[in-house]
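See below for the structure under consideration.
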Amino acid sequence: GVPGPDMRPAQAAIPGIKHIVAVASGKGGVGKSTTAVNLAATLAALGFKVGLLDGDIYGPSIPRLLDIKDRPAMKGDRVIPIEKYGMKVMSMGFLQDEESPVIWRGPMVVTALMQMTRDVDWGELDFLVLDMPPGTGDAQLTMAQQTPLSGAVIVSTPQDLALVDARKGLKMFKDVDVPILGIIENMSTFVCPHCGKESEIFGHGGAEADAHRLGVMFLGAIPLHMDIRVTSDAGKPCIIADPNGVHADHYKKVALKV
Ligand code: ADP
109 GVPGPDMRPA QAAIPGIKHI VAVASGKGGV GKSTTAVNLA ATLAALGFKV GLLDGDIYGP
169 SIPRLLDIKD RPAMKGDRVI PIEKYGMKVM SMGFLQDEES PVIWRGPMVV TALMQMTRDV
229 DWGELDFLVL DMPPGTGDAQ LTMAQQTPLS GAVIVSTPQD LALVDARKGL KMFKDVDVPI
289 LGIIENMSTF VCPHCGKESE IFGHGGAEAD AHRLGVMFLG AIPLHMDIRV TSDAGKPCII
349 ADPNGVHADH YKKVALKV
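Its first residue numbered 109, the sequence shown is counted upward by one per residue in UniProt numbering.
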């Protein structure tokens, strides 16, 4: 059974960090990490002090999404996050190579994450964006419970199946009393890179309808567009690749709602 709100241990806030915002999804492959990276970079471009923590210990993708190959330095026994595009970034991926996956058990994952929130020298932050591992398993539940989260953002594709999973994600945060900041519909419509025509490949609007039904805020829709995939692969968030472009605008709208 999932513990009720009364079982959520009181977590001490992390000194210097105003808000920790989790970016979560009910399952993998919906673009959660891409969204987390773009959101964090956009908040930084808007002038906030931003940290980005890759909570995906098993498949960290943030080093690749931000093209970071450096290893973090230490200051005493604290890790100094890597600065990129105006953000402070930490990922387990900085400490391992991409070819060798980490095989850790659940409790170790949570311990590692707690260390990354508390033993990293974040300094003063307005937002620490936490890219959660996909899904709603025990590790995610414990993370949601033991991290002093201000709120959670759920990323979903418009497909029913993803939405069913997204609803599980919503429920998980509600059960541990973490406020839901809203739902982002990713891969919303497909914009053809050749002719610019929009098609609703996965059906469109499912997340918005769902958000209204569940009484949570709809934070916006991000189209499925080649440029988003290409710039991600090149390690550049949209706001960096094309600061005044249409995709940067989408993320700006979402960031301002968060
Ligand atoms: P998750 O974190 O949910 O597993 P990722 O963020 O790694 O998903 O995204 C999965 C793949 O989809 C990546 O190749 C990414 O570049 C691509 N992707 C994510 N969002 C979009 C989008 N809006 N348009 C195009 N490609 C996207």
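Even for Gly, the Cβ is constructed at its ideal location relative to N, Cα and C.
Of the residues 135, 123 and 143, the one whose Cα lies closest to the Cα of residue 340 is 143. In terms of side-chain proximity, the C-beta atom of residue 266 is found no nearer than 8 Å to any non-hydrogen atom of the ligand ADP. Straight-line spacing of the CA atoms in residue 254 and residue 248 works out to 10 Å. Around residue 313, the same chain offers 266 as residues with beta carbons nearer than 7 Å, after the five sequence neighbours per side are excluded.
Bounds of the alpha helix (DSSP H) holding residue 338 are 334-341. With a cutoff of 8 Å, residue 341 counts as near the ligand ADP, since its C-beta is closer than that to a heavy atom of the ligand.
At least 9 Å separates the beta-carbon of residue 345 from that of residue 238. Looking only at 203, 259, 168 and 235, the smallest Cα-Cα distance to residue 187 is reached by 203. Counting only runs of at least 3 residues, the stretch 274-340 fully encloses the following beta strand (DSSP E) elements, listed from N- to C-terminal order: 288-299 and 326-332.
Beyond the five residues adjoining it in sequence on each side, residue 228 comes within less than 7 Å, by CB distance, of 186, 187, 189 and 198 in the same chain, given in chain order. According to the DSSP secondary-structure assignment, residue 190 is paired through a beta bridge with 197.
Secondary structure note for residue 141: it is in no beta strand (DSSP E), and the uninterrupted alpha helix (DSSP H) holding it is 140-153.
In the three-state reduction of the DSSP assignment, residue 268 falls in the helix class. Separation of the CB atoms of residue 133 and residue 277 is rounded to 6 Å, and the pair is thereby assigned contact status at 8 Å. Per DSSP, the continuous alpha helix (DSSP H) segment holding residue 357 begins and ends at 354-365.
With contacts defined by Cβ atoms closer than 9 Å, residue 305 and residue 233 do not form a contacting pair. If only complete runs of 3 or more residues are kept, the stretch 219-266 shows the beta strand (DSSP E) at 233-239 and 259-264, in order along the chain. Residue environment for residue 308: exposed (fewer than 16 other C-beta atoms within 10 angstroms of its C-beta).
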